[in-house]
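Peer 1: Be aware that the sequence shown starts at 68, since it is given in this note's numbering, and climbs by one per residue.
Think of the CB as a built atom: it goes at the ideal place given N, C-alpha and C, for glycine as much as any other residue.
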Amino acid sequence: MLYFELSANAFKSHGIDEEKLKQLAGKTPEGEINWETISKAGERATSMIDPYCYAQYSNSMPFNPVPGIIRDLALSLTLHYLYEGKQSLTEDRQKTFEMNMKILQDIREGKTRLFSESQPVSSNPVIFSKKTNADRVFFKLEGY
Numbered sequence: 068m069l070y071f072e073l074s075a076n077a078f079k080s081h082g083i084d085e086e087k088l089k090q091l092a093g094k095t096p097e098g099e100i101n102w103e104t105i106s107k108a109g110e111r112a113t114s115m116i117d118p119y120c121y122a123q124y125s126n127s128m129p130f131n132p133v134p135g136i137i138r139d140l141a142l143s144l145t146l147h148y149l150y151e152g153k154q155s156l157t158e159d160r161q162k163t164f165e166m167n168m169k170i171l172q173d174i175r176e177g178k179t180r181l182f183s184e185s186q187p188v189s190s191n192p193v194i195f196s197k198k199t200n201a202d203r204v205f206f207k208l209e210g211y
């Protein structure tokens, strides 16, 4: 699931017009924007965003409606992946990516909220462990 509408208008808020999208994503044989390439970059952005959100918002996922900050992050990360595939990243693009990652970390840690205080957040945050069933050791304490 993409967190943004797959259209040229969606990218205008990030200063990207149709010609630039054609440069980044390539063109179809008919000379149109290659939306399949953009969709794949968008899916990559979604797969980057979801784990950061899951810890705090597992009860609300998939998002419907999509919070504005998530839509903007998805568009920005999609552009990052499109640029990454076509040309070297500029310093500004790299800084934007680092800022996006900081926002995602803040979302994961609960420092940045996606919803108002009245909307639900997972009451039991997801905790990941590196232990496997073979690593776990249980023993019985006598007298307890």
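Identify every run of the alpha helix (DSSP H) within the segment 70–108, keeping only runs that are complete inside it and at least 4 residues long; order them along the chain.
Peer 2: Those alpha helix (DSSP H) runs which fall completely within the segment 70–108 and span 4+ residues are 75–79 and 85–92.
Peer 1: So, for residue 106: in the same chain, excluding its five sequence neighbours on each side, which residues have a beta-carbon less than 8 Å away from its beta-carbon?
Peer 2: Excluding residues within five positions, the ones whose Cβ falls inside 8 Å are 69 and 73.
Peer 1: Given residue 114, which residues of its chain have a CB within under 7 Å of its CB, disregarding the five upstream and five downstream residues?
Peer 2: Here the set comprises nothing.
Peer 1: Using the Cβ count rule (16 or more neighbours within 10 Å means buried), how would you classify residue 123?
Peer 2: Residue 123 should be labelled buried.
Peer 1: Below 6 Å CB to CB, which residues in the same chain sit around residue 111 once its five sequence neighbours on both sides are set aside?
Peer 2: Cβ neighbours of residue 111 beyond the five flanking positions: 148.
Peer 1: Can you grab the Cα-Cα spacing for the pair residue 132 / residue 140, in whole Å?
Peer 2: C-alpha separation (whole angstroms): 15 Å.
Peer 1: At the level of alpha carbons, what is the spacing between residue 157 and residue 128?
Peer 2: Each residue's Cα considered, the two are about 33 Å apart.
Peer 1: In three-state DSSP terms, what is residue 68?
Peer 2: Residue 68 falls in the coil class under three-state DSSP.
Peer 1: Nearest by alpha-carbon distance to residue 179: which of 145, 164 and 119 is it?
Peer 2: Measuring from the Cα of residue 179, the nearest candidate turns out to be 119.
Peer 1: Who are the Cβ neighbours of residue 81 in its own chain at under 7 Å, not counting the five residues just before and after it?
Peer 2: These residues qualify, in order along the chain: 142, 143 and 146.
Peer 1: Could you give the residue range of the alpha helix (DSSP H) that holds residue 163?
Peer 2: 158–176 is the extent of the alpha helix (DSSP H) around residue 163.
Peer 1: Out of 100, 162 and 94, which has the shortest C-alpha to C-alpha gap to residue 76?
Peer 2: It is 100 whose Cα lies nearest to the Cα of residue 76.
Peer 1: For residue 134, does the three-state DSSP call read helix, strand or coil?
Peer 2: Three-state DSSP puts residue 134 in coil, outside helix and strand.
Peer 1: Report, in whole angstroms, the separation of the C-beta atoms of residue 91 and residue 153, which I expect to be a contact under 8 Å.
Peer 2: Yes, they are in contact, since the Cβ atoms of residue 91 and residue 153 sit about 6 Å apart, within 8 Å.
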